[in-house]
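This note's numbering applies: residue 2 is where the sequence shown begins, and numbers increase by one.
Cβ atoms here follow ideal geometry from the backbone N, Cα and C, with glycine treated the same way.
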Amino acid sequence: MSSSATKLATLAGGCFWCTEAAFEQLAGVVSVLPGYMGGHDPAPTYEAVCRGDTGHAEVVQIAFDPAIIDYDTLLTAFFTIHDPTTLNRQGHDVGTQYRSAIYYHDDAQRAAAEAMIARLTAEGVWSAPIVTEVSPATAFHVAEAYHHQYFRRNPQQGYCMAVVAPKAMKLRRVFAERLKAD
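This is the structure in structure tokens:
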């Protein structure tokens with residue numbers, strides 16, 4: 002890692018197993034933690050979040066080195082690996098916990114997120130409108146330990162093979178020049 006200060010990005014793109022598996026591959030990403038943000042419960046659990054009781058989204062909080070990877074590249078990866086046009090849904094995962102959201106940590110991140118959404122909309126990248134929420138970061142609640150590096154530890158699990166692996170592979174294909182050295 003370079004001598005620059007690490008920054009945070011917090012993104013919700015459906016199941017946090019998928020987003021964690023994708024982002025941890027990128028050079029400049031120091032860590033990716035699955036967790037919950039954007040809800041009202043001061044101590045959310047996975048079960049309560051999945052029931053829709055807490056208002057939280059499944060998120061990943063990414064610590065990154067801006068000297069190696071910039072926030073716009075993280076946003077581009079985010080919009081590459083999920084469908085930002087489906088409200089409260091990613092594939093078969095349905096509920097507000099699977100919403101598309103960017104939780105910004107400062108005004109520069111907010112402006113970058115809004116500008117990228119405007120650009121993607123103007124370019125007509127998707128045939129439906131982008132419904133990604135852009136909101137200030139609130140309390141981040143780290144997910145239970147068994148969710149951390151879930152795909153890496155459970156690559157043969159059915160959901161991982163059917164849903165997580167294709168997203169991780171798409172990121173590897175699109176961002177081949179930005180991957181961490183193996």
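Exposed unless 16 or more other CB atoms sit within 10 angstroms - verdict on Glu59 = buried
request  = Can you grab the Cα-Cα spacing for the pair Ala169 / Thr139, in whole Å?
outcome  = 27 Å
inquiry  = Between the region 9–21 and the region 91–105, can you find at least three pairs of beta-carbon atoms closer than 8 Å?
reply    = yes
task = Indicate the three-state DSSP secondary structure (helix, strand or coil) for Leu75 in the structure shown.
result = helix
ask   = Do you know how far the Cα of Ala177 is from the Cα of Leu27?
value = 9 Å
ask   = What number of angstroms, rounded off, separates the C-alpha of Asp73 from the C-alpha of Met117?
value = 8 Å
task = Determine the direct distance from the alpha carbon of Asp84 to that of His106, and round the result to whole angstroms.
result = 23 Å
ask   = Could you give the C-beta distance for Trp18 and Tyr147, rounded to a whole number, given that I count them as a contact under 8 Å?
value = In fact, because the Cβ distance is near 11 Å, the residues do not count as touching under 8 Å.
ask   = Thinking C-alpha only, which one of Lys8, Glu21, Thr7 and Leu9 is nearest Leu172?
value = Glu21
ask   = Can you tell me the Cα-Cα spacing of Thr97 and Val61, whole angstroms?
value = 15 Å
Rounded separation between Pro130 and Ala123 - CA only = 10 Å
ask   = Based on Cα-Cα distance, which residue from Gly56, Gly29, Ala6 and Leu9 lies nearest to Lys181?
value = Gly29
request  = Would you list, in sequence order, the uninterrupted alpha helix (DSSP H) runs of no fewer than 4 residues that lie entirely inside the region 92–170?
outcome  = 108–124 and 151–154
message = With distance defined between alpha-carbon atoms, name the residue in Gly40, Ala113, Thr46 and Asp42 nearest to Leu76.
response = Ala113
message = Under DSSP, the alpha helix (DSSP H) around Glu48 begins and ends at which residues?
response = Tyr47 to Arg52
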